[in-house]
Structure formats: structure tokens, C-alpha cells
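Chemist: For the protein sequence lines, the chains are A and D, in the order given. Quick note: this note's numbering has the first sequence finishing at residue 448, numbered continuously throughout. Quick note: this note's numbering has the second sequence finishing at residue 328, numbered continuously throughout.
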Amino acid sequence: MPGFNRALLATAAVALLATACTGTSSAPQASDDATKDVTITFWHGWSAPSEVAAINANIKAFEAKHPNIHVKAVGNINDDKIKQALRAGGPNAPDVVSSFTTDNVGTFCASNVFSDLKPFLDKSSVDLDKTFPKALQDYTQFEGKRCTLPLLNDAYGLYYNKDAFKAAGITAPPKTLSEFDAAAKLLTKVKGDSFSQLGFMPNFHGYESTTTHFAAQWNATYFTADGKSNLAADPAFAKMLTWQKNLVGSLGGFAKLEKYRASFGDEWGAKNPFHTGQVAMALDGEWRLGMAKEAGVKFDIGVAPFPVPDDQADSYGKGYLSGTIIGIPSTSQKQNAAWELVKYMTTDTDAVVSFANAIHNVPSTLDALKSPELDADPSFRTFLEIAQHPKSSTTPASPNGGAYQLTLQDFAFAYESGAHESGKVTDVAAGLARTDQQIDKDLAQAK
Amino acid sequence: MTSTATIPTGRRRTIDPGLRRKRRREALRNLAFLSPWLIGVSVFFLYPLISTVYFSFMRYDGFTAPTWTGLKNWQYVFTDYPFFWPALRNTLWLVVVMVTLRVIFGLGIGLLITKVKTGAGLFRTAFYLPYLAPPVAATMAFAFLLNPGTGPVNNILARIGLPQPGWFNDPAWSKPALTMLALWGIGDLMVIFMASLLDVPQEQYEAASLDGAGPWQRFRYVTLPNISPIVLFAVVTGVIQTMQYYTQPLVAGKVASGVIGGSGQQFEPGYPDKSTLTLPQLVYHLGFQRFDTGGACVIALVLFALAMVFTALLMRRGSGFLATND
Chain A
2 MPGFNRALLA
12 TAAVALLATA
22 CTGTSSAPQA
32 SDDATKDVTI
42 TFWHGWSAPS
52 EVAAINANIK
62 AFEAKHPNIH
72 VKAVGNINDD
82 KIKQALRAGG
92 PNAPDVVSSF
102 TTDNVGTFCA
112 SNVFSDLKPF
122 LDKSSVDLDK
132 TFPKALQDYT
142 QFEGKRCTLP
152 LLNDAYGLYY
162 NKDAFKAAGI
172 TAPPKTLSEF
182 DAAAKLLTKV
192 KGDSFSQLGF
202 MPNFHGYEST
212 TTHFAAQWNA
222 TYFTADGKSN
232 LAADPAFAKM
242 LTWQKNLVGS
252 LGGFAKLEKY
262 RASFGDEWGA
272 KNPFHTGQVA
282 MALDGEWRLG
292 MAKEAGVKFD
302 IGVAPFPVPD
312 DQADSYGKGY
322 LSGTIIGIPS
332 TSQKQNAAWE
342 LVKYMTTDTD
352 AVVSFANAIH
362 NVPSTLDALK
372 SPELDADPSF
382 RTFLEIAQHP
392 KSSTTPASPN
402 GGAYQLTLQD
412 FAFAYESGAH
422 ESGKVTDVAA
432 GLARTDQQID
442 KDLAQAK
Chain D
3 MTSTATIPTG
13 RRRTIDPGLR
23 RKRRREALRN
33 LAFLSPWLIG
43 VSVFFLYPLI
53 STVYFSFMRY
63 DGFTAPTWTG
73 LKNWQYVFTD
83 YPFFWPALRN
93 TLWLVVVMVT
103 LRVIFGLGIG
113 LLITKVKTGA
123 GLFRTAFYLP
133 YLAPPVAATM
143 AFAFLLNPGT
153 GPVNNILARI
163 GLPQPGWFND
173 PAWSKPALTM
183 LALWGIGDLM
193 VIFMASLLDV
203 PQEQYEAASL
213 DGAGPWQRFR
223 YVTLPNISPI
233 VLFAVVTGVI
243 QTMQYYTQPL
253 VAGKVASGVI
263 GGSGQQFEPG
273 YPDKSTLTLP
283 QLVYHLGFQR
293 FDTGGACVIA
303 LVLFALAMVF
313 TALLMRRGSG
323 FLATND
């Protein structure tokens, strides 16, 4: 028995040790005095010199308005770093955090890693409906809990090479997908077993040619009301995959396109295939305008909303939306001061407009979208219109981040390559049903 | 030969208090000498191991308190997590093929370099230098060289009329391409083998030659028995390193896929078609990207168990191998 007792005691000690060493966060009350002298730490993802200069100018303007609040900005932060830092906590953890992706909003809100902003919004009398567009309100909350706010917006549209259009005899950007397919074929120039110019890269590894960006043109619904995966039930996904596969086939087939894709330069560098003329059309965000100019592109660039399915021609003008989000970690001891910065950066019209102009992003408030100070470039205006289109949409937040997008994408890769024809799945509907099952299993694991 | 002391029933054996104090002092002194090791093992091995086992039965996202979920994580990883079995197959493939080829290639280069009479230093440097290249840079360079569209390797193959594989873009060729990368960085094994080959007594070769042994027989009956502990060391450490293989397949997959990841762009684990996915990548994917510490711990324990089994098998086989050569 003494041996048994010792074993029991040892087991209990080990369990206690493991539990004791487990870091758990608890949201502190926002009790700090935002009128006193304080320094807060702000983590963001911008790293390009022009972007860092823009965010620093924004911060400087904030400090001028709030002389008692000093901001220590830390750039080049991605979501993985944010997650590690917020898990670790401690005095060096950030007080304000922004992220380029909306994918993890579900996780951030569900796990209370970011503070609920409702009390702060109420305190400052910010009316969300009068401040932010609906789609942006949606992707910054999860299941009614608002733990982030939108900080600028990204809208996706069609970029096209006007010189290539002229040479191919195309007079206007396509508005429907059948017009788009015809243009892609007309613009494609075969050279040997490859291309000297491809009309459009439809493969799902073709940078922004992703399942989620395409699916937005069908206004696909990813989840049912009770949170189950909805891919097989919503015909939008099957239509999107079928359209994409047909286009892949008509442009030369998956293998030929993949080999050509391997010759593309870095998406974020000067050798982006649209810059180099390797593709004549591309689906991309509003930032491409500035990047193409910086890369010294020699042809005229045209911008338009991405085409819509033929049976939805009346919804032309819509597109996929996403954007940068900003929140206050629940571990922050300076939440009231942090809120002042968040409020300024997300709701102050001058701040939003000047920052949007500086980094060529779409502003995220209704007032800023109407501001006369906004970039007057007509190409940029196209993205402002896409951002405000009532049918523009985004991907919903989920408790396990973008895992459902990864699963859909995994099936799409198999489908476009023809791997499904070698036995993985028999058809699109069966494949989507299997994908639904996998997404539901992943969601169950996350709860 | 042995004597047993009989203690009368009902009487307790008494030990001199001075002797007891002395023994206690000795025990404490021994413990003090052992303490650096004990602390190291407890903090860096036992505690993480026990924690990993503990968390494998918990739902824990790193932010909120862990909750007991029983075998749910284990069931998810083994039956519902779509990346586990492909990653396990890839890891086993790499252990069998890559480790074997690295040992053979390292030994071969070591043998060649010990035979070179002139310019040995140059050859040693040339073969060792790639090992010093940072893994990320080396992998990116290989991804560039083996690019199926623009890479110089495929250009040369095309010019001489040979088929051009897709390398890192083809599921059938991605692991062989990773193996080529591992063989290129063979410097570590080459140095170890070279040192052990130079240590083989020359008189044994002379005796074997006098007995009429040819090059193969000299290698089989003189070289190999002498360097067999080093071969075993190379295999065991190679297996453990390959179990932890992370950077090269991750970078190769990312560079070849072209998708670095942004909003609405989900990074595809193990591009192409999960063929470069390894178990350590899953530990990171589940633990640090999906906040699923429990699932990540399950995979870490699978890795631990596999490494233990492989090492035990190799040591067992190796000890017999070494014994026969005594």
C-alpha cells in the first residue's frame, strides 16, 4: 500500500505540474486610465518601406491627437507570430494587433484571445451600421461576438492588358463568364508545347485564381444556418468547379498549364506574370495597380469587375472582398488606451482615407468611401465600386480558421488535375459531399 | 558462494546512527553530482514528454483552459485527419530511401576522397561546403535549378533528348528531388566516414593483400568490420533526423506551388498532392495554425514512438552486426 500511495501521489503531482504549467488567458477588466501617460505596443504586418512609412504617419497623426498615448509599432508580423505571442502573453505582448487575413477571426473571437469590442463601441457611441459596410461587419465578427474591426479593405477584380485586347480585336472587358472564356481563348498564343501568351491562368495554383475568389462570383454559401458545411447542397460550388475545369481544358489542359505556371515569377515581385505579359488577364486585388506601376509595366492596364455567371448578369460589378482586421488582445493591461488607437485608425475618416491612399487599399468606412480626398484614379474607383456592391461577398469566419477553405481547395486540386477520375471521387457532387464530411469532422474536432 | 543474513523474527535491524548519517551524506553528495543531469532530463525531456501525453487527451487551444476529451484527438488523427496517413507514408519512404542512399553515398564519397592523392583538400572542401548552406537557401536553389518550366536541369535534359520530370511540381518526383538535395549536402557523413576510414589499420589491408584479397574482399572483410560502428551511428542519427525532416519539404512545396499565402489563399500542405508532407509539418499545422494542441501532441507521440522503435530495432540489429565482427 505505501508503494501504491507513492505512485498515486506521484501521478497527482505530475498532473498538477502539467496543469499548473498550462498558460491560460483570462480577460482583464479594461481599468486603465487612457488619459494618463502610457505607451502601447502595436503589431502590424506591413513591411514594404512605403507601407511602413504610411502606417508610421498614421500613428504620428494619432499621437498628435492623443499626446499622452505613445505607440511602439512593430511591423512584419504574420498570424503565426501573433498566435505564439498571444499564447505566451507577458509584458512584451502587444496591446493592439492587426492581421492581413480574416481567416482567423473565428478562432480569435471564439477563444477570447481578442477582447469583445462591444463595450468599447458602446462607450464611444460608434454605430456599426452607419460606419462600416455590411460585408466588412460580417468578416470581423464571429457568431455575434465582435472581437475585431476592419482596417482598410481589399476588393478583387479583373486586370487586363489593353494592348493585348486591342491586338486580339476585343473592344471591351468581358462581363459574363462565357464572354470571359471566349476572350481567354482569343488572347492565348501557343508556342511549341507551351505559350507565348496565355489569356488567363485558371489553375487553382495560379496565384489569386483560388476557389474562394471564384466562388464569390456565384455568391456561394459555405455553411448552413446550424454551422454545417454546405458545399454539396449549394449548386454554386459545382458550377464554379465545372466552369473552371472546362476553361482549363479549352486553354490546353491541366498539365500544359501547370508547366507554363512553373515559369511564372513571384506573385508579389516585379516578375508577376501579368506584369511580364505572360498572362493577358488576371484576377487580383486593388494593390496590383500600384505594384504594376512600380514594376514599370509597359502596356496599358485595364481594370473591371470580374465577370459573373451568364445567368447572374444583373449582378455584374460584384467581387470577392477581404481586408485587414484589427483588435485588442485580451491579455493587454492597457485596453482603454489601445481602444483609442483602434477607434482612431478604423473610424476617423481622415485617418482611413490618408492611409488608404498611401497604400492603395480600399477604405473601410462608409464616410471614407465617399470622401472627395480619396484617390481619384479611375482604375482605383472600380475597386471602390466593387467594395460597395451589395452582392460582393467574402468567406465566413469559422472556429478553426481557414481549415474549410483548405479542404475545399484540396478537392479542387484533385478535380482540376483529373485525380478524381482515377478513383478518388466519381463526380463533382460526390466529391463535394465528401468534402462536406471532412469539413464537418474538422469543425467537430475544433469544438 | 553467496551468504544470506537471517534477521530474527520480531526484531528490527538497527543501523548505527553515525553510519546512517554518513550514508545519507553520501547519497546527497551523489545526488548533487547528478543534479545537472537530473534537472536537464526532467526539464527538457520528462516534463515535455509527460505534458505531451497529458495534452493528447485534452482539448486545448493555447488560450482557454484545457478540457478532457479522452481519445477524441487520437481518433481524429488516425481516422479523420486527411493529412496524417500521407505524411506517415512520406516519412517512412524518406527514412528507408533517403537514409539508405545518404549512408551509401557518404561512404562512397569518403572512400573516394581517402584514395585521392593530389588535391584531396580541394575535393574535401568541395564536398563539404554544400552542407554549410542554410537549408532554406539550398532548397530554394534546388527549386530554381529543377523548375520544370525554366530550370537549367530540364533545359539540359531537353537538349540531350531525355524526358524532363516535373521534380518538385510532380508528386512522383518530389521525394526523389528532396533525396537529391539531401545527397548534395552529404558533407556531414563524408567527414565522419573519412575519419573512420583513415582509422582502419593499414596492416590489416596489407595482410589481406598478402592473402590474395581483391578490392571488394578488402572492403567487405577489412573496411566494413572496422567502420561498422560508424555505419550504425550514421543510420541511427539519419533515421532520427529524417523523422524530424521539416524545413526542406516545406520550403520546396511552398516555392514550387508559388502560393506563399495571403487572404483567401490557403497554403496547401505537402504540395504537390501531399507528396512532400512530413509528420513534423503536421505538428506545426495542427498545433500552431489550427490551435489544436491535442491533435499536434498525438502526432508528436507517434513520431516519438516511431523513432524509439526504429532506433531499438537498429541498435538490436546493429549490436548483432557488431558482435559478429568482433
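We put the CB at the ideal spot given by N, CA and C, even for glycine. As the structure is a computational prediction, the values presented were derived from the model and not from experiment.
What residue range is occupied by the uninterrupted alpha helix (DSSP H) comprising I229/D?
Modeler: L226 to M245 is the span of the alpha helix (DSSP H), which, as asked, contains I229/D.
Chemist: Quick check: is the beta carbon of Y273/D nearer than 9 Å to any beta carbon in chain A?
Modeler: So, interface residue.
Chemist: Using the rule of at least 16 other Cβ atoms within 10 Å of the residue's Cβ for burial, across every protein chain shown, is K45/A buried or exposed?
Modeler: A quick correction: the sequence has His, not Lys, at residue 45/A. When all chains shown are included, H45/A counts as buried.
Chemist: List the whole-angstrom C-beta distance separating L178/A from P306/A, where the pair is believed to meet the contact cut-off of C-beta under 8 Å.
Modeler: The pair is not a contact, with the Cβ atoms about 12 Å apart (cut-off 8 Å).
Chemist: Which residues of the segment 288 to 304 of chain D have a Cβ closer than 8 Å to any Cβ of chain A? Give them in chain order.
Modeler: F290, Q291, R292, F293, D294 and G297
Chemist: Counting pairs of Cβ atoms below 8 Å between the segment 135 to 153 of chain D and the segment 221 to 237 of chain D, do you hit three or more?
Modeler: no
Chemist: Whose C-beta lies closer than 6 Å to the C-beta of A309/D among residues of the same chain, with five residues either side of it excluded?
Modeler: For A309/D, where only same-chain residues beyond five positions count, the Cβ hits under 6 Å are I242 and M245.
Chemist: Around the Cβ of P134/A, are there at least 16 other Cβ atoms within 10 angstroms (buried) or fewer (exposed)?
Modeler: Counting every other CB atom within 10 Å of its CB across the protein chains shown gives P134/A a total of 16 or more, marking it as buried.
Chemist: If you reduce the DSSP assignment to three classes, tell me which class W44/A lands in.
Modeler: For W44/A, the secondary structure class from DSSP, reduced to helix, strand or coil, is strand.
Chemist: Along chain D, in chain order, which residues have C-beta atoms closer than 8 Å to that of V353/A?
Modeler: Those within 8 Å of V353/A in chain D number zero; the least Cβ separation is about 19 Å.
Chemist: Excluding the five sequence neighbours on either side, which residues of its own chain have a C-beta within less than 8 Å of the C-beta of R7/A, listed in chain order?
Modeler: A caution first: R7/A carries a pLDDT of 46, below 50, which makes its placement in the model unreliable, though a value can still be read off. Closer than 8 Å at the Cβ level, and outside the excluded window around R7/A, lies no residue.
Chemist: With 9 Å as the threshold, decide whether the Cβ of K84/A is near any Cβ in chain D.
Modeler: yes
Chemist: Would you say the segment 410 to 419 of chain A touches the segment 330 to 345 of chain A, given that touching needs at least three Cβ pairs under 8 Å?
Modeler: No, they do not touch.
Chemist: Closer than 7 Å by C-beta to T332/A: which residues in its own chain qualify, once you throw out the five before and the five after it? Chain order, please.
Modeler: S26, L87, G90 and A94
Chemist: By Cβ distance below 7 Å, which residues in the same chain neighbour D301/A in space, the five residues on each side in sequence not counted?
Modeler: Excluding sequence positions up to five before and after D301/A, its CB lies within less than 7 Å of the CB of K163 and D164, all in the same chain and listed in chain order.
Chemist: I need the DSSP call for Y273/D, collapsed to helix, strand or coil.
Modeler: coil
Chemist: Give the secondary structure of V127/A by DSSP, where H, G and I count as helix, E and B as strand, and everything else as coil.
Modeler: coil
Chemist: Which value, in whole angstroms, describes the spacing of the CA atoms of A296/A and V193/D?
Modeler: 47 Å
Chemist: Tell me V304/A's beta-bridge partners as DSSP assigns them.
Modeler: Y160/A
Chemist: For S48/A, is the classification buried or exposed, using 16 other Cβ atoms within 10 angstroms of its Cβ as the cut-off for buried?
Modeler: exposed
Chemist: Comparing C-alpha positions only, which one of Y83/D, Y62/D, F35/D and Q250/D sits nearest to L180/D?
Modeler: Q250/D
Chemist: Would you list, in chain order, the members of the segment 242 to 260 of chain D that have their beta-carbon closer than 7 Å to a beta-carbon of chain A?
Modeler: S259 and G260
Chemist: Check the DSSP bridge columns for N92/D and list the partner residues they point to.
Modeler: Paired residues: none, contrary to the question.
Chemist: Since T348/A and T366/A are thought to touch, with beta carbons under 8 Å apart, how far apart are those beta carbons, to the nearest angstrom?
Modeler: 6 Å
Chemist: What do you reckon, are the CB atoms on D96/A and I41/A nearer than 9 Å?
Modeler: yes
Chemist: Tell me whether the beta-carbon of A398/A lies closer than 9 Å to the beta-carbon of V106/A.
Modeler: yes
Chemist: When the Cα atoms are used, what is the spatial distance from S316/A to K392/A?
Modeler: 7 Å
Chemist: I440/A: buried (16+ other C-beta within 10 angstroms of its C-beta) or exposed?
Modeler: buried
Chemist: Below 8 Å CB to CB, which residues in the same chain sit around A7/D once its five sequence neighbours on both sides are set aside?
Modeler: With a pLDDT of only 47 at A7/D, under 50, the local geometry of the prediction cannot be trusted, and the value read off the model is given with reservation. Taken in chain order, the list of residues that qualify is empty.
Chemist: So, at 7 Å on beta carbons, what are the nonlocal neighbours of A151/A in its own chain, with the 5 sequence-adjacent residues on each side left out?
Modeler: For clarity, residue 151/A is Pro in the given sequence; the question names Ala instead. Answer for P151/A: F133, L137, T141, G324, I326, T347 and S365, listed in chain order.
Chemist: Step through the CB atoms of chain D and report whether any lies within less than 9 Å of the CB of Q245/A.
Modeler: Judged by the 9 Å Cβ criterion, Q245/A is not in contact with chain D.
Chemist: So, F125/D versus L185/D, is the Cβ gap smaller than 9 Å?
Modeler: no
Chemist: How would you call L153/A, buried or exposed, if buried means at least 16 neighbouring beta carbons within 10 angstroms?
Modeler: Answer is buried; the Cβ neighbour count reaches 16.
Chemist: Can you list the beta strand (DSSP E) stretches of 3 or more residues lying completely in the segment 256 to 330 of chain A, in chain order?
Modeler: 280 to 286, 302 to 305 and 322 to 328
Chemist: Considering Cα atoms alone, identify which of C110/A, L118/A, L322/A and L129/A is closest to T213/A.
Modeler: L322/A
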